[in-house]
Structure formats: structure tokens, C-alpha cells
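Numbering (our numbering), first residue to last: 1153 to 1625.
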């Protein structure tokens, strides 16, 4: 396979690897082909729910604190030089809804771009040096947020008058650790955490695994070896009519949660054993026809969630809404549940950051506080929209509240599973170029799996050559 083919595929994938199933987002390469996800209807009060005290986050992991970061002098004279906050985003109305609902007193102009063109436009205006066209505030999806958080084009939240002790201790550690620059200064916040799990069809699980209990089903996905064994067993037992996943790429983002090292350190590529093993996993999925190879976000991919042909889908809570699992017209409604998988991973998320051209700092600070920090507002987002918000206390309350047991999940409360994962996510190995690197790697793996490249060594060589062409290594 020529390098140019991997490059082309990598570039087309970069905006879909994490955006398409991103938590709180439904954008794909062709947005018009993707239905708006239907979230649970509001059924709970926005006030603090009563809890059954069944989940204790302190038993899972130790969270970072404000002292773990480099805090600069917190500005005390924050004002607005302009009356209107200019905000850049992509073709999605969720952030405007959040602004209108939780920051109604802030005047803003929202400048939207197609998701596939967004970063190019953002790069151009930020590099222009023209504060008349550059945004005061902008949002970035997890696929590329680190690039901007680590850049000179964003400013510390301290410059907006926001102190670390306002939010660090309440947010999930991975969301704040990742929002830092090379000096360990926090430059952005997010209102959502997007821990992922394994959404599975309980009827299929009972038929082919002998159980539908989340704890017992989880054992079939406890390791990647267990996953592969389950994939083969389900395929064989069903005569190929049921597959463990719809498409091989369904596990790519979850598998990245197995990483423990940065892709690139001091300009050198690190190929850790787990990523070597992914070539073999992907190849077996293709060679043994262990999936339907539908392609993600296609009609066939969605269809497996309705016709009883796909055992599992992987992703954050948004995945359930995206697939319409909570749609009462779905033939499989009520036959789904959630369990954990082989790795602790997140899929998506949206970070809010202020640009260095910002002249509405007081209003930008109000937006960040009202949308990403205010506990009452975050509690309301869970109750009215089913959002897994970026607040440990709020999500612990939700995990301990039996009222969050959803009918489309057969009465299961999904938040204990997701909370446990969110507390254990470690994304310290993520770098600012990871969106492009991951896309190039997935392209190389796919080329090998489909037989377009003869060996893993050749695929790895093509992958590294692509990164060299991009100037990453």
C-alpha cells in the first residue's frame, strides 16, 4: 500500500474517529445522513436526588486536586471590552441550547462551520492575528481539542478569573489533566465526561452467552482475549447470523484505552505491545468474518440495533441515544443493558476554551462557570437530558438513585458502570497530534486487515512514513 493511500484515508477519518460517536455529538462526515439522537424524557427533578449510597467513588481511584496543577495568578479585574461574545463551533445546536438555557444573560454570536471544515477555519482565524474575526471563545471536540489546549492561541482559565479550587476537585480527573498545556496550566473546561462501556442486547446475551446479567456478561468482555473468544463463539453458535459487533472499527476507540505510553516522545515513535496486538485482533475479525463489516454510521450499522443481529455496541451514553435504543418504536426496546469492557476508555467530549484574542473575559468566565461548573445546572443536565456530566458528586448521586433506572435498559441504571469507568480513565498518554496519529494508525491496520498490505511490518512502516510526511516524527 502506498503512503498516499494511508494519508488520504487518515485525513478523511480524522474528523470522524472521535466526533461521530462523541459524547453529546452526532456529527459525522455526512451530517444530513445522521438522525438526531433521542434522549430520555425529563422525568426527574433538577434538585439533588436522594441516594441509596451504593456507589462510593473513593473506593475506585484517587482523584487529582488543584494542587496537582500549575496555577497562575488568578485575575481579579476581569471585564468585558465588547458587548458580545463571539463563539466558534461546528454544525450542532447543542452548545447554543446550553448557552440559552444555562447562560441566558450572556449576549453572543455563534459562528458555525461544517464539522469537516471546522478546524481548518479555526486554524486560519487564530493564526491571522486579526481579533476582529477571531473568536473570543470556541469549543473543540476530543478528537482535536488537545491541539488547541496546548497551543499559544488559548489562554489559562486563571486569566478569566477562574480559580482551580472552583472546579478541579469536582471534575473527573482525566478531563482536567488533559486540558493542560506543557506547563501544566489548565486552559479549558468541559461540562460532560464521556466514559464508554459495552451496550448489549440482553436477549442475544441470554441465548448465546447463557446470561443477561451485566456482571456475568462483563466476564465475556473482561479482556481482549475474552472478547475475541466471545466473537468466535457467537459467530459459530449462530451460524454467522449474529455478530459480536457490527464493524471491526467499533472497538478501535475502546482499544485505544489500552495504551499506556505516548505515541511520540521527543520526535520518536513508540510502538507499545498493545498496539502491535491490535493488528492481529483486527485481522482475525476480518479474516474470520466475525463482524458484518457494515461500516460505522451506515444504515446497516444502525440496523443491527433493531433486527437482533448485533450483540454489542461500544461507546458512551450518547451511543444508546444515537442508536435509538431508547426509542419505544425500536423492536429491541427494553432488551438492552450496559456492562464494562476490557479497557477504561472515553469516547468524545467537548472542551470550552478562550482564545488569546478574547476581549469578553467576564462573559466567557460566566459561560464556563454556568455550563461546566455550576452543580445545579449540571444536575439538571442529567435529569432532563441524560447527559453524563463532568461532576463526580452529581454522577455519584445519579448512580445511587434508583429513579435513574431506564425502561429501555430493562430497568438498569447505567451510571454505576459509567461512573466506575470515568473514575479510572487515564489519558496522560494523549498528545496534541493524537487525532491524526490515531487516524493514520487505524488506516494502516485496516489496510493490513483487508489484505492490501502483506505484513504487519509493512503496515507499520507505512504508518511511520505517513507520520514523517506529516512532520510528527
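From the three backbone atoms N, C-alpha and C, an ideal C-beta is built for every residue, glycine too.
Note that the structure is predicted; figures quoted are calculated from it, not measured.
Distance, residue 1272 Cα to residue 1500 Cα
20 angstroms
Should residue 1506 be counted as a contact of the ligand MN given a C-beta to heavy atom distance under 6 angstroms?
As presented, the structure is devoid of all ligands, the ligand MN included, so that no description of it is given.
Closest to residue 1531 by CA distance: which of 1502, 1343, 1572 and 1407 is it?
1343
Residue 1611 to residue 1436, Cα distance in whole Å?
16 angstroms
In or out: residue 1389 buried (at least 16 other Cβ within 10 Å) or exposed?
exposed
Distance check for residue 1293 and residue 1285, CA to CA, integer angstroms please.
21 angstroms
What's the C-alpha gap between residue 1607 and residue 1600?
7 angstroms
Do residue 1630 and residue 1489 have their C-beta atoms closer together than 7 angstroms?
With the chain covering only 1153 through 1625, there is no way to say anything about residue 1630.
Mapping the DSSP letters down to three states, classify residue 1310 as helix, strand or coil.
helix
Which residue wins for smallest C-alpha separation from residue 1616, given the options 1603, 1595 and 1604?
1595
Between which two residues does the beta strand (DSSP E) harbouring residue 1260 extend?
1260-1265
Under three-state DSSP, which class holds residue 1502?
strand
Taking the C-alpha atoms as reference points, what is the distance between residue 1359 and residue 1505?
48 angstroms
Quick one: is residue 1560 buried, meaning 16 or more other Cβ sit within 10 Å of its Cβ, or exposed?
buried
Do residue 1581 and residue 1299 have their C-beta atoms closer together than 7 angstroms?
no
Compare the Cα-Cα distances from residue 1314 to each of 1541, 1556 and 1526 and report the closest residue.
1526
If you scan the segment 1456-1544 from start to end, which runs of the alpha helix (DSSP H) of 4 or more residues do you find wholly inside it?
1469-1474, 1513-1520 and 1527-1537
Excluding the 5 residues preceding and the 5 following residue 1497 in the sequence, name in chain order all residues of the same chain whose CB lies nearer than 6 angstroms to its CB.
1348, 1406 and 1409
Contacting residues, own chain, Cβ-Cβ under 8 angstroms from residue 1625 (five flanking each side not counted):
1416, 1419, 1420, 1421, 1616 and 1619
Anyone know if the C-beta pair for residue 1593 and residue 1570 falls short of 7 angstroms?
no
Is it true that the segment 1246-1263 meets the segment 1516-1523, where meeting means three or more beta-carbon pairs spaced less than 8 angstroms apart?
yes
Compare the Cα-Cα distances from residue 1587 to each of 1297, 1234, 1278 and 1308 and report the closest residue.
1297
Could you please give the first and the last residue of the uninterrupted alpha helix (DSSP H) stretch that includes residue 1433?
1425-1439
Cα-Cα separation, residue 1623 to residue 1589
11 angstroms
Rounded to whole angstroms, what is the Cα-Cα separation between residue 1462 and residue 1431?
23 angstroms
From residue 1605 to residue 1325, what does the alpha carbon distance come to, in whole angstroms?
40 angstroms
What's the call for residue 1566, buried or exposed, on a 16-neighbour Cβ count within 10 Å?
buried
Could you check whether the segment 1235-1244 touches the segment 1255-1265, counting it as contact only if at least three pairs of C-beta atoms, one from each stretch, sit closer than 8 angstroms?
yes
Should residue 1609 be labelled buried (16 or more other beta-carbon atoms within 10 Å of its own) or exposed?
exposed
In its own chain, which residues sit with a C-beta less than 8 angstroms from the C-beta of residue 1399, not counting the 5 before and 5 after it?
1443, 1444, 1445, 1446, 1447, 1448 and 1453
State the Cα-Cα distance for the pair residue 1332 and residue 1339, rounded to the nearest angstrom.
6 angstroms
Nearest candidate by alpha-carbon position, reference residue 1536, set 1214, 1377 and 1254
1254
Ranges of the beta strand (DSSP E) found wholly within the segment 1246-1298, counting only runs of at least 3:
1260-1265 and 1289-1293
Return the Cβ separation of residue 1217 and residue 1309 in integer angstroms, given the expectation that the two are a contact with Cβ distance under 8 angstroms.
With a Cβ gap of about 16 angstroms, residue 1217 and residue 1309 do not count as contacting.
Would you check if the distance between the CB atom of residue 1507 and the CB atom of residue 1256 is smaller than 7 angstroms?
no
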